[in-house]
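**Q**
In our numbering, the protein residues as written are 5 to 299.
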């Protein structure tokens with residue numbers, strides 16, 4: 005049976021002309037799942053608004069994954085459809101049919117309560133000035149945790165330009181991905197991005213970029229910042245952390261810590277600072293003395 009045109013164009017049922025096709029529909033769905041998951045993890049999601057305007061309160065005993073599923077369906081369904089989708093006969097039954105009981109394969113906790121970030125260097129070479137251009141903001145898509153910081157190289161140019169300043173490894177590890185502006189540094193060395201600590205670098209230029217399979221030491225060269233990969237209006241790089249596949253917020257209980265420079269948030273996305281021993285570097289979209297930092 006051939007699906008009708010509407011199903012082929014909008015298989016998830018998100019009817020946005022900019023989200024036509026399976027890839028864009030799935031990307032939208034993944035972002036909605038992320039949004040519910042990370043809002044629940046940060047105690048910022050207690051209710052959902054359905055498409056018909058009805059409000060539903062989320063029970064406190066659900067986990068973050070369930071919150072993500074329920075939030076995604078809330079963006080698609082009215083009250084009767086949502087209640088069915090989140091019932092035992094809805095999405096849960098479909099999942100079991102294809103994959104089995106999810107709790108039989110769960111790994112708990114994904115992020116241990118006593119987890120500590122490994123020692124990190126600042127991600128650039130000693131004595132070279134860089135600028136903190138963004139405080140804590142979305143790691144990957146606006147539904148993800150505010151796990152990223154942005155740094156821009158020194159210079160008089162703005163917009164997208166070539167920079168010869170080097171971005172460097174924050175810790176020892178192996179490169180598991182290096183394409184489309186993205187570099188993944190796997191710190192436990194098993195080559196699996198879904199286990200242990202990994203560090204994402206985004207907007208790394210293809211010129212001089214490290215290659216997949218390279219073992220690096222803390223401080224080794226990764227590549228140069230650029231506008232490659234994703235959306236960027238100016239040369240910079242974006243850095244974020246995951247543990248067991250989960251984005252770790254850049255500020256909060258386990259903040260970014262680069263040689264004692266600790267990330268803080270103002271509670272407004274992209275605002276924030278790095279502080280160490282009474283000194284503060286404040287995020288600013290530009291280059292001023294207040295956001296300059298170096299090793």
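By construction, the Cβ of each residue, glycine as well, lies at the ideal position given by its N, Cα and C atoms. Predicted model, so just to flag it, every value in this text is computed and none were measured.
Taking all protein chains shown into account, do 16 or more other C-beta atoms lie within 10 angstroms of the C-beta of residue 116, making it buried, or fewer, making it exposed?
**A** exposed
**Q** Hey, residue 125 and residue 223 are a contact pair by Cβ (cut 8 Å); roughly how many whole angstroms apart?
**A** 6 Å
**Q** Using the rule of at least 16 other Cβ atoms within 10 Å of the residue's Cβ for burial, across every protein chain shown, is residue 206 buried or exposed?
**A** It counts as buried.
**Q** On the DSSP letters alone, give me the boundaries of the alpha helix (DSSP H) that residue 39 sits inside.
**A** In the DSSP annotation of this structure, the continuous segment of the alpha helix (DSSP H) that includes residue 39 starts and ends at 26-45.
**Q** For residue 11, name the three-state secondary structure that DSSP assigns.
**A** helix
**Q** Of the residues 86, 112, 76, which one's Cα is nearest the Cα of residue 35?
**A** 76
**Q** Assuming residue 195 and residue 218 form a contact by the criterion Cβ under 8 Å, report the distance between their Cβ atoms to the nearest whole angstrom.
**A** Their Cβ separation, rounded to whole angstroms, is 12 Å, which puts residue 195 and residue 218 out of contact at 8 Å.
**Q** Give the straight-line distance between the Cα atoms of residue 22 and residue 131, rounded to the nearest whole angstrom.
**A** Rounded to whole angstroms, the gap between the alpha carbons of residue 22 and residue 131 is 45 Å.
**Q** If residue 139 sits next to residue 270, beta carbons under 8 Å apart, how far is it from one beta carbon to the other, in whole angstroms?
**A** 7 Å between Cβ atoms; contact.
**Q** With three or more C-beta pairs closer than 8 Å as the rule, is the region 51-59 touching the region 16-33?
**A** no
**Q** DSSP three-state call for residue 108: helix, strand or coil?
**A** helix
**Q** Kindly list the residues whose CB is nearer than 7 Å to the CB of residue 240, restricted to its own chain and excluding five residues on each side of it in sequence; keep chain order.
**A** 137, 154, 155, 156, 207, 229
**Q** Leaving out five residues on either side along the sequence, give the residues of the same chain with a beta carbon under 7 Å from the beta carbon of residue 162.
**A** 238
**Q** Going by C-alpha to C-alpha distance, which of 85, 257, 69, 169 sits closest to residue 133?
**A** 169
**Q** Quickly, what does DSSP pair residue 296 with across the bridge? List them, please.
**A** 135
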